[in-house]
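In the numbering used here, the protein residues as written are 521 to 867.
For every residue, glycine included, the Cβ atom is placed at its ideal position computed from N, Cα and C.
What follows is a single structure, written as structure tokens, with notes after it.
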């Protein structure tokens, strides 16, 4: 179902409403997820209804203008038409988000690759870029794990972007990001190339069943290794969970109790196992999250060139932009839209 498939949307809203009114609903484990899905469906229906009403009023204005030459009425007609066109255009991106989990919150993991301190600094720059973007969309950002370097930058960071369609927006960011610039860590001021990988996962609703047997996981506790600050909790409650059959390792060190850190780490593990299962099922074709590649030269999905000229290029959609500073400051919507359109037209 697409978010503007009206018959399907109405049917879904009716079914979800009936579910929330059923006896014992709020005792269900997926009550929060169902309630959120219902709120989203109702919001989409309200938007469509608003568009319909405004269009009907514009038709009435148009009829009046054919009967009378009223300059003030004409100005109102064109101004309201312009605003309606802009409002509809701003919602087009949601038509591109019809994936099963596009509406979900997103878990984003960023890892510095080859390039030493420059890559760690690049990792921190990307982290800042995504946080700025999320905040501009009024998403809540919760850092789950962060490993800073004593000298400079971030070796890895995992955070959750909480808000409708966070995963739908960010899923195309998965891959290797390449930066070319004059290194601030090189006394000779030479140009360096750095690589950082971005992994994007949906936060799964409780209704999605992922089997994790207790005997298949190993949990270790440790003291936070971060540099402190607003995100990192300096206690012994940090948790690292290893899924023995797959070798997947997840950790959380920002909550105030070991129990809470374990719950968050298990949520991330569920998403990683889901992603692994999906990629295995679709190993002969490109998965919706893109191919996993080594964090090195020639495997980048996007290049950010700061010197000798300024240009950002997405190697999949062909999108190019010279406003490098604005994008690094979180202005990603145009680039995200270009990728989503590319995926749709290619499919």
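Residue of the options minimising C-alpha distance to residue i
{"i": "residue 657", "options": "579, 768, 625, 668", "result": "625"}
{"i": "residue 766", "options": "757, 532, 782, 736", "result": "736"}
{"i": "residue 575", "options": "608, 551, 685, 589", "result": "608"}
{"i": "residue 831", "options": "559, 776, 698", "result": "698"}
{"i": "residue 669", "options": "565, 621, 644, 701", "result": "644"}
{"i": "residue 662", "options": "764, 528, 686, 671", "result": "686"}
{"i": "residue 646", "options": "629, 659, 682", "result": "629"}
{"i": "residue 605", "options": "586, 578, 588, 616", "result": "578"}
{"i": "residue 833", "options": "729, 790, 527, 693", "result": "693"}
{"i": "residue 823", "options": "696, 683, 761", "result": "696"}
{"i": "residue 768", "options": "796, 826, 666, 683", "result": "796"}
{"i": "residue 778", "options": "642, 800, 764, 742", "result": "742"}
{"i": "residue 868", "options": "676, 716, 642", "result": "There is no way to answer for residue 868, as the model of the chain reaches only from 521 to 867."}
C-alpha distance - residue i paired with residue j, whole-angstrom precision
{"i": "residue 857", "j": "residue 722", "result": "19 Å"}
{"i": "residue 707", "j": "residue 637", "result": "13 Å"}
{"i": "residue 719", "j": "residue 739", "result": "23 Å"}
{"i": "residue 798", "j": "residue 845", "result": "36 Å"}
{"i": "residue 601", "j": "residue 569", "result": "16 Å"}
{"i": "residue 557", "j": "residue 536", "result": "8 Å"}
{"i": "residue 847", "j": "residue 689", "result": "15 Å"}
{"i": "residue 711", "j": "residue 640", "result": "16 Å"}
{"i": "residue 592", "j": "residue 581", "result": "11 Å"}
{"i": "residue 562", "j": "residue 622", "result": "17 Å"}
{"i": "residue 861", "j": "residue 709", "result": "39 Å"}
{"i": "residue 587", "j": "residue 560", "result": "41 Å"}
{"i": "residue 571", "j": "residue 866", "result": "29 Å"}
{"i": "residue 541", "j": "residue 533", "result": "12 Å"}
{"i": "residue 567", "j": "residue 835", "result": "34 Å"}
{"i": "residue 594", "j": "residue 585", "result": "7 Å"}
{"i": "residue 700", "j": "residue 526", "result": "46 Å"}
{"i": "residue 528", "j": "residue 565", "result": "11 Å"}
Exposed unless 16 or more other CB atoms sit within 10 angstroms - verdict on residue i
{"i": "residue 842", "result": "exposed"}
{"i": "residue 732", "result": "exposed"}
{"i": "residue 818", "result": "Unreliable placement is indicated for residue 818, whose pLDDT of 47 sits below 50; the coordinate value is still reported in the next sentence. Burial call: exposed."}
{"i": "residue 673", "result": "buried"}
{"i": "residue 840", "result": "exposed"}
{"i": "residue 598", "result": "exposed"}
{"i": "residue 680", "result": "buried"}
{"i": "residue 775", "result": "buried"}
{"i": "residue 612", "result": "exposed"}
{"i": "residue 829", "result": "exposed"}
{"i": "residue 546", "result": "exposed"}
{"i": "residue 790", "result": "buried"}
Start and end residues, alpha helix (DSSP H) containing residue i
{"i": "residue 853", "result": "853-866"}
{"i": "residue 647", "result": "637-656"}
{"i": "residue 532", "result": "526-540"}
{"i": "residue 688", "result": "686-690"}
Residues that residue i bridges to, as DSSP identifies them
{"i": "residue 618", "result": "For residue 618, which the question treats as bridged, DSSP gives no partner whatsoever."}
{"i": "residue 769", "result": "762"}
{"i": "residue 722", "result": "626"}
{"i": "residue 514", "result": "One cannot answer for residue 514 here, as it falls past the ends of the chain, which runs 521 to 867."}
{"i": "residue 700", "result": "713, 825"}
{"i": "residue 738", "result": "762"}
{"i": "residue 681", "result": "626, 661"}
{"i": "residue 833", "result": "823, 840"}
Element boundaries [beta strand (DSSP E), containing residue i]
{"i": "residue 571", "result": "Where residue 571 is concerned, there is no enclosing beta strand (DSSP E), although the alpha helix (DSSP H) it sits in stretches over 551-587."}
{"i": "residue 660", "result": "660-668"}
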